[in-house]
Amino acid sequence: MIFANFRVKDLIIDYSTSVAGPWVSLNGVFVFLFGPIYLPFKITEVRSYLKEAATHRL
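The sequence shown stops at residue 116 when you use the working numbering, and every number in between is there.
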């Protein structure tokens, strides 16, 4: 489970970097301690950022 949390962390960072630049930061301690809660929060943050960026481009 811990390995999977850190893999998801890496995927979130890679995705955000490829789409909008390296703007998202994930704390390794939070991933280790609160992974199942912290990671969905960060995924939601990435989606909100991308949605906001898409509306400002129009």
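In this text, a Cβ means the ideal position worked out from N, Cα and C, and glycines have one as well.
Pick from G79, A78, F99: whose alpha carbon is nearest that of V66?
Taking the sequence shown and counting its residues from 1, the one referred to as residue 66 is at position 8. Comparing Cα positions, the closest option is F99.
What's the call for S74, buried or exposed, on a 16-neighbour Cβ count within 10 Å?
As a working note, residue 74 is residue 16 in the sequence shown. It is buried - the Cβ of S74 has at least 16 other Cβ atoms within 10 Å.
Using alpha carbons as the reference points, say which of S106, F88, R105 lies closest to I60.
Mapped onto the sequence shown, residue 60 falls at position 2. Checking every option, the nearest Cα to that of I60 belongs to F88.
Would you check if the distance between the CB atom of L108 and the CB atom of A78 is smaller than 8 angstroms?
As a first step, residue 108 must be located in the sequence shown, where it is residue number 50. As a first step, residue 78 must be located in the sequence shown, where it is residue number 20. It is a contact, given that the beta carbons lie within the stated cut-off.
Roughly how many angstroms lie between the CA atoms of A111 and L91, to the nearest whole one?
Working through the sequence shown from its first residue, we reach residue 111 at position 53. Working through the sequence shown from its first residue, we reach residue 91 at position 33. Using only the alpha carbons, I get a separation of about 31 angstroms.
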